[in-house]
Amino acid sequence: MNPYYTNEKEAFRQKVRLFAEKEIKPLAQELDANETFSVELSQKMGREGLYGIDIPEEYGGLGMDTISYIIAVEEIARVDGSQAATMAAHNSLGVAPIYNFGTEEQKKSLLPDLLNGNKLWAFGLTETNAGSDARGVDTKATKMLDGWSIKGRKRYITNGSNELMDGITVLAQTGEKDGKSTYSTFLVKRDTSGFSTQRTLGKMMWRASDTAEINMDNCLVADADILGTENKGLGQMLKTLDSGRLSIAAMGLGLAQGAFEMALTYAKEREQFGKPISNFQSIQFKLADMDLKIELARNLLYKACWLKDNNQPFGKEAAMAKLYCSDVAAEVSDEGVQIFAGAGLFKNQDIERFYRDHRILRIGEGTTEILKLVISRGLGL
Ligand SMILES: Cc1cc2nc3c(=O)[nH]c(=O)nc-3n(C[C@H](O)[C@H](O)[C@H](O)COP(=O)(O)OP(=O)(O)OC[C@H]3O[C@@H](n4cnc5c(N)ncnc54)[C@H](O)[C@@H]3O)c2cc1C
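In this text, residue positions in the sequence shown follow the working numbering: the first is 7, and each later residue adds one.
Here it is as structure tokens:
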């Protein structure tokens, strides 16, 4: 049997699809138009079990595999990029590092509330001088008699300011060893003195998702708030991004699937020259190309997930999947608009939102250019 398409996985897909169609789709256009982050939808996603799909049940997760998680991201992105961003960032960037690198105490104290939808957790790598280059972080953690004092500013942080946000995992410089900076990751709670956050409005895409700037002005945290082990921060962040790329790829795949379905339906309904435009070969070939690219993207992505689930190296394949799925999202949403033509340029059509939402996917969690470096390194170059 094809391991990607078991009955259990297809039943799970249908369950998430039903939820997305019923709860998210009717609200997506208005939330996007008003740049509204929906606390209610975020909580509903948690109650539906969409946080911690691949986390063991003992911590409150569903104990399923990576492909199942990726199917869920795909299904949410099929109807709305913003909610998919909230969900995927919380899972891949918020929850996953705590589960993968945290101490037992950190996992037991933080994970239950992060998995049931009560709270969200963010991930802070990016700063003014640290985008593609993680080593550029200027945030500093200074050892004090009793814990660490953190000073720095993070930008473009998903889930960074909404009322459910409970804290963030931040990468900070901790000192020097052999002439090189050392880095650790810290779990910083929102209620820490000196912590402030502000939502960044005016995005082109994912307008209903929460993007924020976070300022830490000598935030005092305990030694026990280092994520896992001291001075392992850079490796933890880069490993987190390897897995995170699978979820950005899933957002690309889901967006492409949604755009394709819209274009197919419209092509059968819209008539010109006395017949549906789907009768014209140029439109048929566009739809055939879209379907082919989506099928290739899905197989590439699921293979990368399968490698991860089977404890095999998957960094190169995750980079390939993210690169290809984000390209397919761009191409399919663009051709989707072409099929809608004039009608696709107005905000009352979901295809307009999908066309804007695709644009982040070639940028976040490794730009296309950086992914080509990762793939080249995977080739030993
Ligand atoms: C909506 C949104 C949400 C985000 N959420 C988060 C989050 O939750 N947490 C977080 O930490 N970050 C987050 N980010 C940050 C995101 O991951 C970065 O924007 C991304 O990594 C790129 O960094 P940059 O924008 O600084 O681009 P830069 O690194 O400045 O890149 C500029 C250009 O130079 C190219 N370039 C850079 N270095 C090289 C090189 N060595 N070789 C070839 N080309 C190169 C890039 O490909 C790009 O084309 C988010 C960003 C956005 C927009």
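We put the beta carbon where it would ideally sit given N, CA and C, even for glycine.
Determine the contact status of Asp-119 and Asn-165, defining contact as a CB-CB distance below 7 Å.
no
When you measure from the CB of Gly-158 to every non-hydrogen atom of ligand 1, does any distance come out below 6 Å?
no
Does the beta-carbon of Leu-370, which I'm using as the reference point, lie nearer than 6 Å to any heavy atom of ligand 1?
Checking the displayed sequence, the identity of residue 370 turns out to be Gly instead of Leu. Relative to the non-hydrogen atoms of ligand 1, the Cβ of Gly-370 comes within a distance shorter than 6 Å of at least one.
Alpha-carbon spacing of Gly-264 relative to Lys-31, whole angstroms:
11 Å
Quick one, which of Arg-19, Ala-34, Phe-43, Asp-38 has its alpha-carbon nearest Ala-56's?
Per the sequence shown, the amino acid found at residue 56 is Leu instead of Ala. Answer by Cα proximity: Arg-19.
Ser-284 beta carbon less than 7 Å from that of Lys-274:
yes
Short of 6 Å in beta carbon distance, which residues of its chain neighbour Ala-136, apart from the five on each side in sequence? Order them along the chain.
Gly-142, Val-143
Quick one: give me the first and last residue of the beta strand (DSSP E) that Glu-182 is part of.
171-183
Out of curiosity, what's the CA-to-CA distance linking His-364 and Met-296?
Taking the straight line from one Cα to the other gives about 15 Å.
Are the CB atoms of Gly-58 and Val-22 within a distance shorter than 7 Å?
no
What does a CB cutoff of less than 7 Å around Ala-26 pick up in its chain, not counting 5 residues either side in sequence?
Contacts found: Glu-81, Ile-82, Arg-84, Val-85.
Straight-line Cα distance separating Ser-88 from Leu-33:
11 Å
Which partner residues does Arg-205 have in the DSSP bridge list?
Looking at the DSSP assignment, Arg-205 forms a beta bridge with Ala-218.
Report the three-state DSSP secondary structure of Thr-164 (helix, strand or coil).
strand
Could you check if Thr-132 belongs to the surroundings of ligand 1, using beta carbon to heavy atom distance under 6 Å?
For ligand 1, at least one heavy atom lies less than 6 Å from the Cβ of Thr-132.
The region 346-357 contacting the region 299-308, beta-carbon criterion three pairs below 8 Å
As far as the Cβ criterion goes, the region 346-357 does not touch the region 299-308, which means the pair count is below three.
Nearest-angstrom Cα separation, counted from Lys-245 out to Met-326
16 Å
Three or more C-beta pairs below 8 Å linking the region 183-194 and the region 234-243:
yes
Hey, would you say the C-beta of Thr-42 is under 6 Å away from at least one heavy atom of ligand 1?
no
Secondary structure at Thr-145, three-state DSSP: helix, strand or coil?
Here Thr-145 carries a coil assignment [DSSP, helix/strand/coil].
Hey, how far is the Cα of Glu-110 from the Cα of Glu-63?
15 Å
Given 6 Å as the limit, tell me if Tyr-162 has its C-beta closer than that to any heavy atom belonging to ligand 1.
yes
Could you spell out the range, first to last residue, of the beta strand (DSSP E) harbouring Thr-191?
186-195
Per-residue DSSP class, three states only, for Gln-89:
Helix at Gln-89.
Taking Ala-140 and Met-243 to be in contact with their CB atoms under 8 Å, please state how far apart those CB atoms are, rounded to whole angstroms.
Between Met-243 and Ala-140 the Cβ distance is about 6 Å, and since that is below 8 Å, they are a contact.
List the endpoints of the continuous beta strand (DSSP E) containing Leu-126.
126-130
Is there contact between the region 200-211 and the region 249-260, where contact requires at least three CB pairs shorter than 8 Å?
no
Backbone CA spacing between Ser-155 and Tyr-361 [nearest angstrom]:
43 Å
Would Lys-309 and Ala-255 qualify as a contact pair, given that the criterion is a beta-carbon distance under 7 Å?
no
Based on Cα-Cα distance, which residue from Gly-66, Leu-68, Ala-94 lies nearest to Glu-79?
Checking the displayed sequence, the identity of residue 79 turns out to be Val instead of Glu. Ranking the options by Cα distance to Val-79, first place goes to Ala-94.
Would DSSP call Asp-2 helix, strand or coil?
Limits of the chain in this structure are 7 at one end and 387 at the other, which puts residue 2 out of reach.
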